[in-house]
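**Q**
There are 4 protein chains.
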Amino acid sequence: MLRFALLGAGRIGRMHAANLAAHPRASLTWVYDAVPAAADEAAAKHGAKRAASVEAALAAKDVDAVLIASPTDTHVALITAAAKAGKAILCEKPIDLDIKRADACWAEIAPLKPVVMIGFNRRFDPSFKAVHDRAAAGEIGRPEQLIITSRDPAPPPISYINVSGGLFRDMAIHDFDLARYFLGDIVEVSATAGVLIDPAIGAAGDIDSAMVTLKAKSGAMAFINNARRCSYGYDQRIELFGEKGMLQAGNRRATTVTFNGKERTESHDALLHFFIERYREAYDAEVDHFVDCVEKGTTPLVTFADGCEALRIADAALESVKTGRTVRLAG
Amino acid sequence: MLRFALLGAGRIGRMHAANLAAHPRASLTWVYDAVPAAADEAAAKHGAKRAASVEAALAAKDVDAVLIASPTDTHVALITAAAKAGKAILCEKPIDLDIKRADACWAEIAPLKPVVMIGFNRRFDPSFKAVHDRAAAGEIGRPEQLIITSRDPAPPPISYINVSGGLFRDMAIHDFDLARYFLGDIVEVSATAGVLIDPAIGAAGDIDSAMVTLKAKSGAMAFINNARRCSYGYDQRIELFGEKGMLQAGNRRATTVTFNGKERTESHDALLHFFIERYREAYDAEVDHFVDCVEKGTTPLVTFADGCEALRIADAALESVKTGRTVRLAG
Amino acid sequence: MLRFALLGAGRIGRMHAANLAAHPRASLTWVYDAVPAAADEAAAKHGAKRAASVEAALAAKDVDAVLIASPTDTHVALITAAAKAGKAILCEKPIDLDIKRADACWAEIAPLKPVVMIGFNRRFDPSFKAVHDRAAAGEIGRPEQLIITSRDPAPPPISYINVSGGLFRDMAIHDFDLARYFLGDIVEVSATAGVLIDPAIGAAGDIDSAMVTLKAKSGAMAFINNARRCSYGYDQRIELFGEKGMLQAGNRRATTVTFNGKERTESHDALLHFFIERYREAYDAEVDHFVDCVEKGTTPLVTFADGCEALRIADAALESVKTGRTVRLAG
Amino acid sequence: MLRFALLGAGRIGRMHAANLAAHPRASLTWVYDAVPAAADEAAAKHGAKRAASVEAALAAKDVDAVLIASPTDTHVALITAAAKAGKAILCEKPIDLDIKRADACWAEIAPLKPVVMIGFNRRFDPSFKAVHDRAAAGEIGRPEQLIITSRDPAPPPISYINVSGGLFRDMAIHDFDLARYFLGDIVEVSATAGVLIDPAIGAAGDIDSAMVTLKAKSGAMAFINNARRCSYGYDQRIELFGEKGMLQAGNRRATTVTFNGKERTESHDALLHFFIERYREAYDAEVDHFVDCVEKGTTPLVTFADGCEALRIADAALESVKTGRTVRLAG
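Protein chains in written order, with the numbering used here: chain A, 62 to 392; chain B, 62 to 392; chain C, 62 to 392; chain D, 62 to 392.
1) Determine the closest residue to B:T133 out of B:A146, B:L158, B:K148 and B:K110, with distance taken between C-alpha atoms.
2) Would you mind working out which of A:G180, A:L63 and A:R72 sits nearest A:A346, comparing C-alpha positions?
3) Does the CB of B:R339 have a neighbour CB from chain D at under 8 Å?
4) Is the CB of D:P204 under 8 Å away from at least one CB in chain B?
5) Hey, is the segment 101–114 of chain A in contact with the segment 80–89 of chain A, meaning 3+ C-beta pairs nearer than 8 Å?
6) Of all the options B:E153, B:R298 and B:K145, which has the alpha carbon lying nearest to the alpha carbon of D:V318?
7) Count the CB pairs spanning the segment 197–209 of chain B and the segment 169–179 of chain B that are closer than 8 Å, and state whether there are at least three.
8) I'd like the span of the beta strand (DSSP E) that includes B:F65, first residue to last.
9) Answer with buried or exposed for B:H136, where buried requires no fewer than 16 other C-beta atoms within 10 angstroms of its C-beta.
10) Helix or strand or just coil, what does DSSP make of D:V177?
11) For the segment 234–263 of chain D, list every residue whose C-beta sits within 9 Å of some C-beta in chain A, in sequence order.
12) My assumption, with CB atoms under 8 Å, is that A:A196 sits in contact with A:L332. Please give the rounded CB distance.
13) Does any residue of chain B bring its CB to less than 8 Å from the CB of A:H334?
14) Once the 5 residues before and after A:A66 are set aside, which same chain residues still bring their CB inside 6 Å of it?
15) Kindly give me the distance between the Cβ atoms of D:L275 and D:I247, rounded to whole angstroms, as I take these residues to be in contact under 8 Å.
16) Return the residues of the segment 305–329 of chain D that lie within a Cβ-Cβ distance of less than 9 Å from chain C, sorted by chain order.
17) Taking the DSSP output, what are the residues bridged to A:H77?
18) Taking C:H399 as the reference, which of C:I156, C:K357 and C:Y344 has the closest Cα?
19) For a cutoff of 8 Å on Cβ pairs, would you count D:A331 as touching chain C?
20) Using 8 Å for Cβ pairs, my map puts A:V256 next to A:G263. What's the rounded Cβ distance?
21) To the nearest angstrom, report how far apart A:F189 and B:K383 are at their CA atoms.
22) DSSP three-state label for B:Y340, please.
23) Since A:L68 contacts A:L139 with CB under 8 Å, what's their CB separation in whole angstroms?
24) Can you grab the Cα-Cα spacing for the pair D:M414 / A:A261, in whole Å?
25) C:Y295 lies in the alpha helix (DSSP H); which residues open and close that run?
26) Measuring only the C-alpha atoms, how far is D:I258 from D:A288?
27) In chain B, which residues lie less than 8 Å from C:S270 when you measure between Cβ atoms?
28) Please say whether D:R183 and D:D367 have beta carbons closer to each other than 8 Å?
29) Give the interface partners of C:S292 over in chain D, defined as CB-CB distance under 9 Å, in chain order.
30) I'd like the span of the beta strand (DSSP E) that includes A:K394, first residue to last.
31) Which complete alpha helix (DSSP H) runs does the segment 198–246 of chain B hold, if anything under 4 residues is left out?
32) Starting from the beta carbon of B:V192, find every residue of chain D whose beta carbon is closer than 8 Å, and list them in chain order.
33) Just to confirm, is the Cβ distance from C:Y295 to C:F336 under 8 Å?
34) Cβ atoms of D:G303 and D:R389: under 8 Å apart, would you say?
35) Give me the subset of the segment 169–188 of chain C whose CB atoms are less than 8 Å from a CB atom of chain A, sorted by chain position.
36) For C:A83, go through chain A and note every residue whose CB falls closer than 8 Å to its CB, in chain order.
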């Protein structure tokens, strides 16, 4: 039984709390949040205790691992502290908004050989994983083109935009990680972006619509499109085109029901609304994988280095938008 | 070049006229209709002549074949006359509403060994034919269950209902023929029916909704559902379930476009409206097959006997509704 | 917290045990099985105790309700005993294979006004329920035709066939209940059946393929097709055709992945294998509904009387196959 | 009746010949081809005459219009000659491989005010046109993102690659035109490309795989992906994402048949093989539109200027690949 302290009991933290509590080989023992009432509520719901501080949580005897779901700007400090305390670490994405801080963090903790996994949940989506695994098994031959559609139902508040690091570091970073998951190291990044949805996002210095093209070391190409608002819901699709075939993973709905009427036929229902619903199985599988890795001493599927690489691509995309040039990465 | 006289220039006759005119190995030379103006119009459009009478059309030297698209109650007389005149005959369904008249017709003309094909166009639909041919090639093993959905967009006028012979002989007869096409001889018929759509249809002595179950000599079963009104258009689907697989043929639309919006996703457009649009390729292929058969001296896919058998099943379905019993056929 | 004794710890009992254990307002306290080791295993897994006998389980203080998942021939006795012990009862379908025994059971326990729910899980499937609720809300106008496809992946062993009560009472009974769920009281039953899949099933006196047509008191019609073997998996579909539209609920898969290759395109994966996987959410929702009903004192969606009616339709279907006649029910 | 001379009787010329012959308001009177036997064959099939030279065809009294389907390097000369002869001109894409020659051609003929239409057939595809028209009618609000998938089943021979002008000018040019059709003037072009399919294509100085991002003057973005080989056939899809909805146009097949078996379900058949089959209706509609424009004196949907703009985007894409920079266009 792997005993977890949850650091951060906001929306995604509460979801993780429920998953940990329901997991057959994990348990939630402590919860810390900067807002004590939030920690209390999550702790009470799952039979855990509230920790008075991060330090207290890390010092507790009945903690083997931490799940970090606090605001991004606390991640590096918490990862560092947890690594020093000898805990296994599952940290929500992104590691940080500043690649230098992320690199420095790793430089500091690497000698401790911590088990760190970054929460790129989409790698654990059953459909995306099936595309990955079937391609890896050779079903479509050499992969040549990857198309990722990733559109959010509605923009976050401007207050969040202001601290988010921008569309590339906050939202597209998932897609950059997926590109690496499917195609391996990325060596070129080219991006086009704009403010088509909400001028307030532009006024905040961010973009709300983007198209990014990547080239992998293998020569394969990837395309990502992002929008901060999607009228028909959370649009999350993958297309992997290879030498011998093409695999697609589509959107998900709560039912299989279709309607036929005077003006439309075989009309499906709305999509699952947002990440908590759409990626429910993925979040479960992510925790399950992490528990497995800690138990067996194996390397998690998404390492600290993976978290850094996705961030580096995000930075490159931003640079490409600013300069109008393709940005090369070390790969 | 097979030269046709068209007998009957109503809606379906005009469609056949255009198909004959466009066919590379057929031509339309004469048109007869009880309404001379209708014949004139069709003849003028396709460079044919108006025949003053059926006899004149059959006596013309430049006529090798007749296409009969006149009202059902004239079919037997026209088939008989054309057979005696030595013409090849393509006659719209049904042969007649009275199986005794149909049988008597055949008894009279059989000695002349006429080439007669009945216009069960659905056997020539590319999708239905593909299901048939793939099943015949063994793709799904032994066929066990056939499901036919056959719903018209809107009921015909009551004046037509009155002379139609009723839903089974007029509308479901296509489906009875399809059941024989897919499963061979039918030996049992059981039907349930009602008036759910328009009480005026009931007042006219007919039904507007029906479910029919058939058993083939092979043991395979078929189910047909019919409705005289379908809010979402002309619903024409086939499902053939076999030992090793299942094949389906679905509805058709003018485009492949789908819409995604707030309340619905992957919503398709309306179906092709009615038989002329839905079965355009089938009508073309039907004429093409008939021309082929006449040229090569081969037996058409749908014989006079097939026309009689479909009518016998329609009669049995009606009897089953009236008696509440399964009706056995010679098969 | 509703405390359950589970009676019967076979495959479906074990699934229910896990659902009860995971339910936020239910708990599993006791498990009884004729095979003590089976009860031990289920009890241990979920922190419950093994009951030495049904009587012991019913006598335990920490039991508010029983979930009966034992062999069919024990249902009536267990329902009776539990009702007498004042427990709320959730019993797997069917109540019994003999409608007389079921009716007698109710006659005996009705005065006790027990809370009894029969486990027709399909009413709780999110997609089937959505079709029901949307139709009830008027989306398709008056329902006219219901088409149920219900095919199992593979036949059970002959030893099971021998005690199953036959295809209609064992397998189609779910579909008969669904017909009542969608269309209300059934007044006519007509069935065609055969042995197309395995002669051993015929030798055991049963059928393996069937088509059943029902007529509801409302005039609406229903069609059910059943097969004991389906090469492509567990085929469970619903089509509800109404005046203003048509709703369909389709099959389910583990992923949304489609493959495009040389010989096929947009090819989906295999279906969810069998009832435990296909109806997982339905089983959850069923228990949830039952807990709700007990807590709030409301009548369950599926009553003892519903269980009897489905069995009466099954008997009528069997009679129809034997006599070749439509069988009328009181409705 | 608009009388056509066909200049060029290769594969696409023969298809046009058949369309012209079948068109109710057009006729094919003369055919010229550098290979007299090819002209003879096409002429004989459709009752036209073979022209001994282009000059002879243009001098014939019974010629109102020319359809140019000869090799690309002859287009400019033929357009010029036909314009001087006062004929209406429907010319296959591209106008030329050299934008300077195309511009010079227009400078020369513009004073003659010729009716010239360039054969970007895809604008006339019923599904693409429906997406365009529905978006124009406001169904999805302001268009923000356009995704075009355009993959050929197999590469042309290297001998063709050598004279094709390269993937962008030969193949993607259709997609560049579509981007303008959907989004209007293009102001930025960024492209990534590679040789992933056949090294011989690389050796010939061309690329076989490409991803192009465009930005329109409106701010909307477009993405095009191209591959010279696609294992599952001719992949031609459009996705138009807007403020209020998203429209997609999918691939087409010869039938609606789907197969369900042990390893796959709802599996569709192969796609229509290549442009002649896939865009059959589009080619018909293109000719129909041209005939309409000439008859009514209206401007064709695809002008000479449109042909030049698509070529300018192709040149910019090539430049972007070479320089790694986004190329700006006048728009």
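Don't be surprised by glycine CBs; every beta carbon is placed ideally from N, CA and C.
**A** Reading off the structure:
1) B:L158
2) A:G180
3) no
4) no
5) yes
6) B:R298
7) no
8) L63 to L68
9) buried
10) strand
11) E249, S251, A252, T253, A254, G255, V256, L257 and I258
12) The Cβ separation is near 24 Å, so there is no contact.
13) no
14) W91, A118, V124 and V127
15) 5 Å
16) G311, N312, R314, T319, F320, N321, G322, K323, E324, R325, T326, E327, S328 and H329
17) Note: A:H77 sits in no beta bridge, so no partner.
18) In the structure as shown, chain C starts at 62 and stops at 392, and residue 399 of chain C therefore has no counterpart that could be examined.
19) yes
20) 3 Å
21) 56 Å
22) coil
23) 6 Å
24) Beyond the ends of chain D as shown, which are 62 and 392, falls residue 414 of chain D; an answer cannot be given.
25) First-last for C:Y295: undefined, no H or E at that position.
26) 8 Å
27) E205, Q206 and M282
28) no
29) N321, G322 and K323
30) With chain A covering 62 to 392 only, the question about residue 394 of chain A has no answer from this structure.
31) 219–225, 228–231 and 234–244
32) V318
33) yes
34) no
35) P187 and S188
36) A83
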